[in-house]
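Numbering (the working numbering), first residue to last: 373 to 624.
Structure record follows, encoded as structure tokens.
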């Protein structure tokens, strides 16, 4: 099963590199349902794995000119506050409740991806210089951060469309900027779990390295694969997996 888990780490990385999000939402289910980790431990483990791998991807996108640092800083700092708070509040939820919330989040991610897939062509033509409306930025970033801390996701499926719609960022720049925000967000969420769980660092570092390699592959493939088709296919997969997790934990 460990070999299967490492193979799936590459899939997480590739999807992160190509979509700027979505892939991280698979990490906790892999840890829980494939590798058999306790849900709370899996959520804590996912944060440094996703954060470290996303940072590698963000560097690759930055070299290609696809990261807007000012936007990432503004969105990321607010999301970090939410992530830390979410992680601290997670002690009041059972592992089953956290997985149920994760499953519901997956279904929401699928809807978000299907909607953004329809508008990619119009939104990705050229970037503009609009500033992100602060009144909309704050609740979106805070909500993304809180979800990160509670269920161990990077939140890229929300960050990418938010950057495109609210900040006028092109799709390619939204993907690269999202990876930097995910890295900031995940590390802040992890800080909220420090001292609460005993982590298998050797396994996590290998998983992170494989996911990071997958991200580098994904950033190269992004030019070759239709984003619309990719999002639609991934959304269908998330619907199936999200429904499975919700049903399994509702009956637990």
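Beta carbons: idealized from backbone N, C-alpha and C, even for Gly.
What you are looking at is a predicted structure, and each value in this text was computed from that prediction instead of being measured.
- Boundaries cannot be given for residue 403, as no alpha helix (DSSP H) includes it and DSSP labels it neither H nor E.
- For residue 452, the uninterrupted alpha helix (DSSP H) run begins and ends at 441 to 461, by DSSP.
- Take residue 569, set aside five residues on each side of it, and the residues of its chain with a beta-carbon closer than 6 Å to its own are 413, 416, in chain order.
- Taking every protein chain shown into account, the CB of residue 400 has 16 or more other CB atoms within 10 angstroms, so this residue is buried.
- The C-alpha of residue 454 is placed about 4 Å away from the C-alpha of residue 517.
- If you keep only unbroken alpha helix (DSSP H) runs of at least 4 residues inside the stretch 521 to 551, you get 528 to 539.
- For the 8 Å CB-CB criterion, residue 473 and residue 523 form a contact.
- If you check the CB distance, residue 425 and residue 398 do not come in under 8 Å.
- About 7 Å separates the Cβ atoms of residue 457 and residue 521, confirming a contact at the 8 Å cut-off.
- When secondary structure is reduced to three states using DSSP, residue 565 falls in the coil class, being assigned neither helix nor strand.
- With contacts defined as CB atoms closer than 8 Å, residue 480 and residue 410 fail to qualify as a contacting pair.
- By the Cβ criterion, the stretch 582 to 593 is not in contact with the stretch 481 to 488, since fewer than three pairs of Cβ atoms, one from each stretch, lie closer than 8 Å.
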